[in-house]
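In the UniProt record's numbering, the protein residues as written are 1 to 313.
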């Protein structure tokens, strides 16, 4: 983020609400966009809901990998439900105002759920590492109690940091323009509206992004480095292909989510880039939840089998 000195607070009225511009620059496409995103939201909720359901009901999927996948699908439903319904309501009513409290709440929820997704993807990578690199220890190490603790830790770990970060950002005075050039309350566009010096806040955002985004991402890279090294030592090509197939789905989700999140929060902001931020935000808030069920089901015979059994019933 580009550090810049904001106008002084004197003689300016403090803001109590914002306006989410989302796609206001294309007014003739509002109804088309409403229909498009409504269909996407329904697909995300139904497809991830199906994945969550089969991982709970199908006896063949009662393993740590599918336990994590079920939790990940539930997380995706929560994640997309924080931003998309508000955007749909704005497109439907054309009333884009959002109160300061509602904006802070939305930001906090998105940050907490985003942190949970980072940690959960790291946990899923660790699960694959144990299954492939240490198969004899896998049943003992990844028992049901440990799996629950890892999932609970993923959900809880980011809460204090992200609540603190949200409180810090919304403690700033907001004055002048109240237009947020985004479709939800995200950190970069909110900081652009703050008065005074935001350098400390921007540094805190970088620090939190490094801890919550980069550390899990590096752990995932280390896990998959060891996995690839182990797989290449397997004697048969069939064993190698089977091992790679169980990991490729997870790697595709990791690339989609972490790639867009890292570019959004850690790239230097040398010039205004609201359009780029909006496109990148679509990837980690909508595209990843949309493709998650497709990536895992189309490349997984056990998931396809479980889906067929459920649909036949």
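C-beta atoms are modelled at their ideal positions from N, C-alpha and C, and glycine is treated no differently.
- Round the Cβ separation of residue 169 and residue 191 to the nearest angstrom and send it over; I've been treating them as touching at under 8 Å. 7 Å
- Do you know offhand how far residue 13's Cα is from residue 20's? Interpretation of residue 13 is limited by its pLDDT of 46, a score under 50 that renders its predicted location unreliable; the figure taken from the coordinates is listed afterwards. For residue 13 and residue 20, the distance between alpha carbons rounds to 19 Å.
- Query: Excluding sequence positions up to five away, which residues of its chain have a Cβ less than 7 Å from the Cβ of residue 64?
  - Reply: If we look at residue 64 and ignore the five residues flanking it on each side, its Cβ neighbours are 127, 142, 147.
- Message: Taking 7 Å as the threshold (C-beta atoms), are residue 110 and residue 82 in contact?
- Response: yes
- Run of the beta strand (DSSP E) containing residue 99, from where it starts to where it stops: 97 to 99
- Leaving aside the five residues before and after residue 41 along the sequence, list all residues of the same chain whose C-beta is less than 6 Å from its C-beta, in chain order. 84
- Let me know the secondary structure DSSP gives residue 193 once reduced to three states. coil
- Is the region 278 to 297 touching the region 221 to 240 in the sense that three or more CB pairs, one from each, lie closer than 8 Å? no
- Message: With a threshold of 6 Å on Cβ separation, who are the neighbours of residue 125 within its own chain once the five nearest residues in sequence on each side are excluded?
- Response: Within the same chain, 220, 223 come within 6 Å of residue 125 by CB-CB distance, once the 5 residues on both sides are set aside.
- Query: Around the C-beta of residue 332, are 16 or more other C-beta atoms found within 10 angstroms, so that it is buried, or is it exposed?
  - Reply: Look at the range of the chain in this structure, 1 to 313, and you will see that residue 332 is not part of it.
- Mind checking which residues open and close the beta strand (DSSP E) that includes residue 20? 17 to 20
- Item | Alpha carbon of residue 32 to alpha carbon of residue 294, nearest angstrom | Residue 32 and residue 294: Cα-Cα distance of roughly 24 Å.
- Helix, strand or coil at residue 184 according to DSSP, with G and I counted as helix: Correct three-state label for residue 184: coil.
- Task: Please report how far the alpha carbon of residue 176 lies from the alpha carbon of residue 26, in whole angstroms.
- Result: Distance between the alpha carbons of residue 176 and residue 26: 24 Å.
- Task: Tell me, to the nearest whole angstrom, how far the beta carbon of residue 290 is from that of residue 44; I am working on the premise that it is less than 8 Å.
- Result: 5 Å
- Does the region 54 to 73 come within contact of the region 127 to 141, defined as at least 3 CB pairs closer than 8 Å? yes
- residue 98 beta carbon less than 7 Å from that of residue 18: yes
- Item | Straight-line gap, residue 120 to residue 285 (C-alpha atoms, nearest Å) | 16 Å
- Cutoff 8 Å; reference residue 178; Cβ partners in own chain excluding five residues on either side: 15, 17, 18, 19, 193
- Which of the three DSSP states, helix, strand or coil, is assigned to residue 23? Looking at residue 23 - three-state DSSP - the assignment turns out to be coil, as it is neither helix nor strand.
- Message: Can you give me the C-alpha to C-alpha distance between residue 231 and residue 244, rounded to a whole angstrom?
- Response: 8 Å
- Query: Can residue 261 and residue 213 be called in contact, C-beta distance under 7 Å?
  - Reply: yes
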